[in-house]
Amino acid sequence: MKKWSTIGAKLILAFTGTTILLTVVSAVAWLTWSRLDGQVSELLENSVPKYNTSYLLESRSSEIRHRVQLLPTLTNRVEIDNLVVELSEQLAAVKRALTEVQTNPLDDEEAAALSDLYFKLEQTLSNYSHLVQQRVEQTRKINKLKEQINWLHQDIRAELTPIRQELHWLISRDEDGEERTQALEHLRIVQHVLDVESDVFEMTGDVMEADQLAQVHNATKVVQYKLDELIKSSQPVFSLRSAIAYQQLIEELEVLLLPQGVFYLQALDKVALNQRILELQEQIDNQLSEIHNQIAQVVKRADNTFVDVKKETAGLVSYGNHILIVCFSVSILMSLFLTYYFINRRIVARLTAISNSIDAITKGDLSHPILVDGDDEISRLSEKLIEYGESVKEIQRTNAVSLINNTSASLLTCDLAGYVESANISARRLLAMQGEVEQKLIWQSFERESQPILARVFNRSGALFKEGCDEITLCVVGQPQCYLHFDFHLFSHGQLNKIIVTITDVTEQALTARELERRVAEKTRDLVEKNEMLCEEINVRERAELHLKKTQGELIQAAKMAVVGQTMTSLAHELNQPLNAMSTYLYSAKLSCETGNVAAVTKSIDQVESLSLRMSKIISSLRSFAKKSDSEHSSTELLLKNLVEQAMTIVSTKAKRQMIEIDNQIDESIAVFGNGVAIEQVLINLMVNSCDAITEFNGGERKITIFPLYSTQTHHVVAIEDTGKGFDAHIVEKLFTPFTTTKEVGLGLGLTISQSLMEKYAGHIYLASSTKKGALVILELPYAKS
Numbered sequence: 017m018k019k020w021s022t023i024g025a026k027l028i029l030a031f032t033g034t035t036i037l038l039t040v041v042s043a044v045a046w047l048t049w050s051r052l053d054g055q056v057s058e059l060l061e062n063s064v065p066k067y068n069t070s071y072l073l074e075s076r077s078s079e080i081r082h083r084v085q086l087l088p089t090l091t092n093r094v095e096i097d098n099l100v101v102e103l104s105e106q107l108a109a110v111k112r113a114l115t116e117v118q119t120n121p122l123d124d125e126e127a128a129a130l131s132d133l134y135f136k137l138e139q140t141l142s143n144y145s146h147l148v149q150q151r152v153e154q155t156r157k158i159n160k161l162k163e164q165i166n167w168l169h170q171d172i173r174a175e176l177t178p179i180r181q182e183l184h185w186l187i188s189r190d191e192d193g194e195e196r197t198q199a200l201e202h203l204r205i206v207q208h209v210l211d212v213e214s215d216v217f218e219m220t221g222d223v224m225e226a227d228q229l230a231q232v233h234n235a236t237k238v239v240q241y242k243l244d245e246l247i248k249s250s251q252p253v254f255s256l257r258s259a260i261a262y263q264q265l266i267e268e269l270e271v272l273l274l275p276q277g278v279f280y281l282q283a284l285d286k287v288a289l290n291q292r293i294l295e296l297q298e299q300i301d302n303q304l305s306e307i308h309n310q311i312a313q314v315v316k317r318a319d320n321t322f323v324d325v326k327k328e329t330a331g332l333v334s335y336g337n338h339i340l341i342v343c344f345s346v347s348i349l350m351s352l353f354l355t356y357y358f359i360n361r362r363i364v365a366r367l368t369a370i371s372n373s374i375d376a377i378t379k380g381d382l383s384h385p386i387l388v389d390g391d392d393e394i395s396r397l398s399e400k401l402i403e404y405g406e407s408v409k410e411i412q413r414t415n416a417v418s419l420i421n422n423t424s425a426s427l428l429t430c431d432l433a434g435y436v437e438s439a440n441i442s443a444r445r446l447l448a449m450q451g452e453v454e455q456k457l458i459w460q461s462f463e464r465e466s467q468p469i470l471a472r473v474f475n476r477s478g479a480l481f482k483e484g485c486d487e488i489t490l491c492v493v494g495q496p497q498c499y500l501h502f503d504f505h506l507f508s509h510g511q512l513n514k515i516i517v518t519i520t521d522v523t524e525q526a527l528t529a530r531e532l533e534r535r536v537a538e539k540t541r542d543l544v545e546k547n548e549m550l551c552e553e554i555n556v557r558e559r560a561e562l563h564l565k566k567t568q569g570e571l572i573q574a575a576k577m578a579v580v581g582q583t584m585t586s587l588a589h590e591l592n593q594p595l596n597a598m599s600t601y602l603y604s605a606k607l608s609c610e611t612g613n614v615a616a617v618t619k620s621i622d623q624v625e626s627l628s629l630r631m632s633k634i635i636s637s638l639r640s641f642a643k644k645s646d647s648e649h650s651s652t653e654l655l656l657k658n659l660v661e662q663a664m665t666i667v668s669t670k671a672k673r674q675m676i677e678i679d680n681q682i683d684e685s686i687a688v689f690g691n692g693v694a695i696e697q698v699l700i701n702l703m704v705n706s707c708d709a710i711t712e713f714n715g716g717e718r719k720i721t722i723f724p725l726y727s728t729q730t731h732h733v734v735a736i737e738d739t740g741k742g743f744d745a746h747i748v749e750k751l752f753t754p755f756t757t758t759k760e761v762g763l764g765l766g767l768t769i770s771q772s773l774m775e776k777y778a779g780h781i782y783l784a785s786s787t788k789k790g791a792l793v794i795l796e797l798p799y800a801k802s
């Protein structure tokens, strides 16, 4: 065989040509990409970093604008401080981006201009945040002033109502005397005073809502004029012996509404502060717009550089593409030639012929022709295949019986009736106890008990003749006892069908299976006994749990009754006052009916209805709270603000009597998942404890505040803060222990019950101290489930 006539030599030549073309392509690609690398480096070092920095500055500026717009909408100082800290972090990030030389791709002039603009913006934001914080504090003071005016308004009307009732009584007692005339005159004056006082109260609200200094001045003058009219109209009322408290309230209102008093100055400060905030808002918008324009100039210069590099890159890529197209065309033509002629015709076609010859030999067809074509490796393979076919013919001439005799398995053959025709040495040794096995039925070589079982296998309607195979396992009696497994298979021998039987000794496996069954039965009995014991223990624990829940429910109901008992005195006063007022309004309605004044009757009935709704709300809240509920409470989605308001309704009478203010700062959007009665009881327990703590402290501001802290992935966290003296360090760790209390009168179960209720509905309760050294209770309430 010649050196270059082999398949290997031809493949070497083909791959050598392909390698040369690949080298040319690689050289062209290397030159192209080396030049592109410089241009891409220029983009990455100049344009792209400028884009990134511009995007960073623009995003930071947008965040600053968003937070600035959000700042005046906040009413909580904690939220304002957090937002101011976020603004400072945004500005600090901008400063770092502009001052770090390693990461700042901007020119010195661009960086200096942007730094100056951000410095001015930082100063303006500092002033703006300070003014917003001042406005929050001023809003709190104004709200407190409004509440004080509202209380005076209600107390004045409450004081005039019994005076008017007394005058009505005098009128009804003396029908024609001088005393009746004076009473009618005083009654007219009292009605006029009520109207003027209502006008004064409404005008104070207009002053507080004014947004211009001129409006404040004008409205204040009108309020002063109405106040003078009220004082002048009230002079005859002052002469009455029962009007002493009313006179004191008028004097307190006069001091509060002086022309240069607290009311007037607070209104002026509010308008001035709002105008200053609006000016700074406009200034911040202008500064952010100027920063946006400066960033746009940086982006524009980067765009110009990017366009120039793009033009150069396009020309370079076009030149390289032409060279690559030529090389690829030559490579494709060479591949087509090699594939069609060399591989398909000279290799694949000849190997397919050899494969067909091998398939014929494996199927026993040794007459299939084998062609020898050419002088290469495939032709030599054809010659070897011819030699192999001759050797297979020689192997087929050997006797298959020797294979059966040399195997260790017990094999025998029999006809379809069951007569044994041949058996190997292992089968003869296994059945030697019964003598010779040939020329007799196979089941005759075993004991009488096993013979019917083996005979049924050779039934023509059995599985052996339907499916071609069958198997059985027999217990052979002997010394020792053994188990034999029989496999029966049909096979063709010439023109006849025969049966081959494989006998396997499975004594060890059978005995092992029986022992395993015995152990499984014992283990099953043991598990049944233990399961019965476990069921009994579960029943005992379930009964104990029911008893515990019943006891806990009774303890919770006792705590509720204790709170109800504490609020009964204040509640009686709270209900007695509306009842007196309702009596007065009904009497007024009766008089108006007699005089035919329908409008006055309607107004009196509306007042009675309003008082009735107020009393119904108080009684309904107390009844709902005191109602004994089932031991198993259902959990639902609830608005936390409504729960706090419901609890405040019950505690408000106690707080009002102790002159304590309760401030609910919970947002209406906060929804929790739990039982409303349980959460309401926790809030009532904590607010009652705060009222008692503030009363014992008896100093400084008297206020309870409920406000949100933050939210986690699973819980809303809220706080209840009071202005008492806080928790003592030596007892704070024991307050959740039953019957531990700091009060002179109390069971010490309120916090224990609150902790139990919170944990029952996947919540938590913690004790802490506020920044004002008062008590701070933190509640973690789970989110509403979606």
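Just so you know, the sequence shown maps onto residues 17 to 802 in our numbering. Yeah, the Cβ is synthetic: ideal placement off N, Cα and C, and Gly gets one too. Quick caveat: nothing in here was measured; it's all calculated off a predicted structure.
| query | result |
| --- | --- |
| Pairwise C-alpha distance: L792 and K160 | 23 Å |
| Beta carbon of Q674 nearer than 8 Å to that of T711 | yes |
| S770 beta carbon less than 8 Å from that of N701 | yes |
| Three-state class that DSSP yields for F723 in the structure shown | strand |
| L99 beta carbon less than 8 Å from that of I307 | no |
| Collapsed DSSP secondary structure at P252 in the structure displayed | helix |
| Contiguous alpha helix (DSSP H) assignments of at least 4 residues, all confined to the segment 684–718 | 692–713 |
| A113 - partner residues in DSSP beta bridges | BP columns for A113 are empty, so no partner. |
| Assigned secondary structure, A108 (DSSP; H/G/I helix, E/B strand, else coil) | helix |
| Given 8 Å, three or more beta-carbon pairs between the segment 279–299 and the segment 221–228 | yes |
| Residues near M350 by beta carbon distance below 8 Å, same chain, minus five either side | A30, G33, T34, L37 |
| Where the beta strand (DSSP E) containing P798 begins and where it ends | 791–798 |
| CB of I805 within 8 Å of CB of V660, strictly | The question about residue 805 has no answer, for the chain in this structure spans 17 to 802. |
| Own chain, CB closer than 7 Å to V152, minus 5 neighbours either side, in chain order | T91, R93, I96 |
| Close Cβ partners of L767 (< 6 Å) along its chain, the five nearest in sequence each way excluded | L751, F752 |
| Cβ-based neighbour list, E126, same chain, cut-off 6 Å, excluding 5 preceding and 5 following | V314 |
| Selection from L274, D679, G692, E610 that minimises the alpha carbon distance to L243 | L274 |
| Residue interval of the beta strand (DSSP E) (run including K514) | 512–521 |
| Which residues DSSP lists as bridging C430, in chain order | V436, I515 |
| According to DSSP, residues forming a beta bridge with H731 | P798 |
| Three-state secondary structure assigned by DSSP to T611 | helix |
| CB-CB length for Q150 against L296, believed under 8 Å | So it is not a contact: roughly 12 Å between Cβ atoms. |
| Whole alpha helix (DSSP H) elements within the segment 207–284, 4-residue minimum | 229–254, 260–272 |
| Buried/exposed call for I747, threshold 16 Cβ in 10 Å | exposed |
| Touch test, the segment 503–521 against the segment 533–541, Cβ-Cβ under 8 Å, three pairs minimum | no |
| Proximity to Q291 [Cα-Cα], best of I172, Y262, I266, L229 | L229 |
| Pairwise C-alpha distance: V206 and V253 | 7 Å |
| Neighbour-count burial assignment, V822, 16 or more Cβ in a 10 Å radius | Only positions 17 to 802 of the chain appear in this structure, which leaves residue 822 out of reach. |
| Secondary structure of Y777, DSSP reduced to three states | coil |
| Cβ-Cβ distance between E102 and R81 below 8 Å | no |
| Between the CA atoms of L256 and L203 - distance to the nearest angstrom | 12 Å |
| Sub-8 Å separation of A128 and L72 beta-carbons | no |
| Contact between the segment 468–487 and the segment 556–564 (3+ Cβ pairs under 8 Å) | no |
| Bridge-paired residues (DSSP) for I678 | I720 |
| I666: first and last residue of the uninterrupted alpha helix (DSSP H) it sits in | 656–673 |
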